[in-house]
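Under the UniProt record's numbering, the first residue of the sequence shown is numbered 1, with each subsequent residue one higher. We put the beta carbon where it would ideally sit given N, CA and C, even for glycine.
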Amino acid sequence: MGGTPFVDVLCPLTALFNILLHAEYSMLPNSGLGEIDVSYGDDSNVKEDAANAVNKEWVEKLQQLLCCPVCYEMIRPSVDICSNGHSVCLKCRCRLSQCPICSADFVKAKNIMLAQIAEYVKYPCPNTIGGCEEVYYLRDEEIHLKKCRYIVHRCKIDNCDWIGKKDELKSHVENLHQEDIWKKEWNFAGSRKFEHNDTSSDEFGKLLVIEKELFWMLSNYDCEKKKLYKSFQYIGSKETAKRFSYQICLKSSDDRRQFLFKSAMDDDNRNGSDAFDSPNCTVIDFSVLKSFSTYSPENKLKYLYTITRL
């Protein structure tokens, strides 16, 4: 790695620390950056508005560091980087094969510095588009989202940009992604041809409509890692998602062999690679898929899915 990425990161940080060079400040318990107590020695002439100005500039500098260069939204952990150290948000990273700033490839390493900075900056609620005006530290997001009255949901099909209310999602998918909406029962079957020598990864999502409930079934055939990832998400609150579980059964064509995975259900707040990093995600090695497909007609994999209301 060259020196450029360190200059990119350290220059704003240097300016930031220069602001506070002569300030004596202390963090109030559980306060975060918005409540830094700033004083300048024993100089009683320093007014409260000076302290507020320092606080404001501090926060603005950190927000600039966390601004995605593509969509201009604030980057959330975990933070992917390119080989030159530039970062983008997770949503944009899923759409890009190269860095939008320098065209370098992305690497597996994470930008730990930005992830640590993000802990001390207030973020807007992801439901801003629905009308929510709350801002909070990421550590408080789970508490806020449990009671947020403005929940919106993202379409997870083919990098679609649509965001809207839950009762609008089904109509959106029916109108624009007709082939990617499955109206199923609580138990349903599926199949897919497995190409043993395929070198092209494939990531896709399906909207499941089961009675009056909506779920995402997200799949990622990762040829680099040689693993299949399958994530099931309840479209709704995290609390309601806990009332469901899912099961995947991979079966041989003669039904004599099976691979069974059962797990709790995620809510749909996880996006992109974050969905496949969840402990509730099913991960199957390609060697297992190969063993099941070798003796099947046309190398097809046979799945049986079950979603259970607890």
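For this session: Report yes if the C-beta distance between Ser-78 and Ala-115 is below 8 Å; otherwise report no.
Result: yes
For this session: Alpha carbon to alpha carbon, how far is Cys-223 from Ser-252? Give it in angstroms, no decimals.
Result: 22 Å
Exercise. For Ala-264, which residues does DSSP report across the bridge?
Worked result: Ser-245
For this session: Spell out a yes or no on whether the region 184-197 and the region 167-175 are touching, meaning 3 or more CB-CB pairs, one atom from each, closer than 8 Å.
Result: no
Exercise. So is Leu-310 buried or exposed if we call it buried at 16+ other beta carbons inside 10 Å?
Worked result: exposed
For this session: Report back the beta-carbon spacing between Leu-138 and Ala-118 to the nearest angstrom; my notes put them in contact at under 8 Å.
Result: 6 Å
Exercise. Which partner residues does Ser-191 have in the DSSP bridge list?
Worked result: Lys-302
For this session: Report, in whole angstroms, the separation of the C-beta atoms of Phe-106 and Cys-71, which I expect to be a contact under 8 Å.
Result: No, Phe-106 and Cys-71 are not in contact; Cβ-Cβ is about 16 Å, not under 8 Å.
Exercise. Starting from Ala-109 and walking both ways along the beta strand (DSSP E), at which residues does that stretch end?
Worked result: 106-110
Problem set entry | Val-59 versus Val-121: straight-line alpha-carbon distance, rounded | 7 Å
For this session: Return the residue from the list Asn-111, Ile-112, Asp-80 that minimises the CA-CA distance to residue 312.
Result: A question about residue 312 goes unanswered here, because the residues of the chain that appear run from 1 up to 310.
Problem set entry | Range covered by the beta strand (DSSP E) that runs through Glu-142 | No beta strand (DSSP E) contains Glu-142, which is instead part of the alpha helix (DSSP H) from 141-147.
Exercise. Would you report the Cα separation of Gly-164 and Tyr-150, rounded to the nearest angstrom?
Worked result: 10 Å
Exercise. Is it buried or exposed for Phe-292, if we count other Cβ within 10 angstroms and need 16 for buried?
Worked result: buried
For this session: State the beta-bridge partners of Phe-232 as determined by DSSP.
Result: Met-217
For this session: Tell whether a beta-carbon distance below 8 Å holds between residue 311 and Ile-181.
Result: Only positions 1 to 310 of the chain appear in this structure, which leaves residue 311 out of reach.
Problem set entry | Cβ-based burial, Leu-66 [other Cβ within 10 Å; buried from 16] | buried
For this session: Determine the DSSP secondary structure at Thr-128, reduced to helix, strand or coil.
Result: helix
For this session: Return the bridge partner residues of Gln-98 from the DSSP annotation.
Result: Asp-105
Exercise. Roughly how far, in whole angstroms, is the beta-carbon of residue 311 from the beta-carbon of Tyr-303, given that I think they are within contact range, below 8 Å?
Worked result: With the chain covering only 1 through 310, there is no way to say anything about residue 311.
For this session: Just tell me which of Asp-202, Lys-147, Arg-93 has its CA closest to the CA of Lys-227.
Result: Asp-202
Exercise. In chain order, what residues of the same chain have a beta carbon less than 8 Å from the beta carbon of Leu-301, not counting five sequence neighbours either side?
Worked result: Ser-191, Arg-192, Lys-193, Phe-194, Leu-250, Leu-289, Phe-292, Ser-293
For this session: Using alpha carbons as the reference points, say which of Val-135, Leu-207, Lys-146 lies closest to Leu-176.
Result: Leu-207
For this session: Using a threshold of 8 Å, state whether the C-beta atoms of Cys-94 and Asn-159 are closer than that.
Result: yes
Exercise. Thinking just about the alpha-carbon of each residue, which of Arg-154, Tyr-246, Glu-179 is nearest to the one in Tyr-305?
Worked result: Tyr-246
Exercise. Under a Cβ-count criterion, where at least 16 other Cβ atoms within 10 Å of its own Cβ denotes burial, should Glu-24 be classed as buried or exposed?
Worked result: Note that Glu-24 scores a pLDDT of 38, beneath 50, so its modelled location is shaky and nothing firm can be said.
Exercise. According to DSSP, is Cys-288 helix, strand or coil?
Worked result: The question names Cys, but residue 288 is Val in the sequence shown. Val-288: helix per DSSP, three-state reduction.
Exercise. According to the Cβ coordinates, are Val-283 and Tyr-229 closer than 8 Å?
Worked result: yes
Problem set entry | Nearest-angstrom Cα separation, counted from Asn-127 out to Phe-261 | 33 Å
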